[in-house]
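Take the sequence shown: its letter number 1 is residue 0 in the working numbering, and every next letter is one higher.
Note that CB positions come from ideal geometry on N, CA and C, so glycine has one too.
Notes follow once the structure below has been shown.
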Amino acid sequence: MRVLLLYALLLTVVSCTSPTASQDEQPNTQDTRVLSVEALPDAIPADGVSTMTIFVEYRVNGEPVADSTRIILLNPMGTLAAGTIYTADGVALDTLTADTVAGLGWLMAYADGVRDSIEIMFTSVDAGPGALARPSSGTHETSN
Numbered sequence: 000m001r002v003l004l005l006y007a008l009l010l011t012v013v014s015c016t017s018p019t020a021s022q023d024e025q026p027n028t029q030d031t032r033v034l035s036v037e038a039l040p041d042a043i044p045a046d047g048v049s050t051m052t053i054f055v056e057y058r059v060n061g062e063p064v065a066d067s068t069r070i071i072l073l074n075p076m077g078t079l080a081a082g083t084i085y086t087a088d089g090v091a092l093d094t095l096t097a098d099t100v101a102g103l104g105w106l107m108a109y110a111d112g113v114r115d116s117i118e119i120m121f122t123s124v125d126a127g128p129g130a131l132a133r134p135s136s137g138t139h140e141t142s143n
């Protein structure tokens, strides 16, 4: 019984150490990943034809990610030309065509577990009473 106990203890100690393991072989889990999304311009008429450029930048530890890194774009209003885009020098672009309904929408970019989002304003084609305006607070309201 004593031999069996010593054998189990020896196996435990040996399995916890490796003569070839080193700190350098461990993956770096401290990578800083930054994904940023921007729409230019940030507001377009809700006419179904106006477009805006979606600009996404993705960096790891301050350096651009590898080319062809996939970025997924999600939005409830308007129509994206691609929806799934790929980086070149850490940058990826898409085009968003306006919705036909005025209002405040959003767009989210997602890659490798990192995400960023922005608000997008689709302004009323009719600039009369009830048209949506973008106040400085970032929320939408109607004017009378």
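Would you say the beta carbon of residue 80 is closer than 7 Å to some non-hydrogen atom of the ligand PLP? Summarising the ligand content, the structure contains no ligands, and the ligand PLP is consequently not present.
Would you report the Cα separation of residue 43 and residue 68, rounded to the nearest angstrom? 29 Å
Looking at residue 89 and residue 56, is the spacing between their C-beta atoms short of 8 Å? yes
Go ahead and pull the three-state DSSP assignment for residue 123. coil
Whose CA, out of 51, 47, 32 and 108, lies closest to the CA of residue 144? Limits of the chain in this structure are 0 at one end and 143 at the other, which puts residue 144 out of reach.
Exposure label - residue 125; buried when at least 16 CB within 10 Å: exposed
In the DSSP assignment, find the unbroken beta strand (DSSP E) run with residue 44 in it and report its ends. 42-44
At the level of alpha carbons, what is the spacing between residue 76 and residue 97? 8 Å
Inter-residue Cα distance where the pair is residue 108 and residue 101: 22 Å
Compare the C-alpha of residue 105 against each of 74, 30 and 35 and name the closest. 74
Please say whether residue 86 and residue 70 have beta carbons closer to each other than 8 Å? yes
Spatial neighbours of residue 66 in its chain, beta-carbon cut-off 8 Å, leaving aside the 5 residues before and after: 85, 86, 87 and 88
Where the beta strand (DSSP E) through residue 35 begins and ends: 32-39
Could you check what DSSP says for residue 98 in three-state terms: helix, strand or coil? coil
Does residue 122 pass the burial test, meaning 16 or more other C-beta atoms within 10 Å, or should it be called exposed? buried
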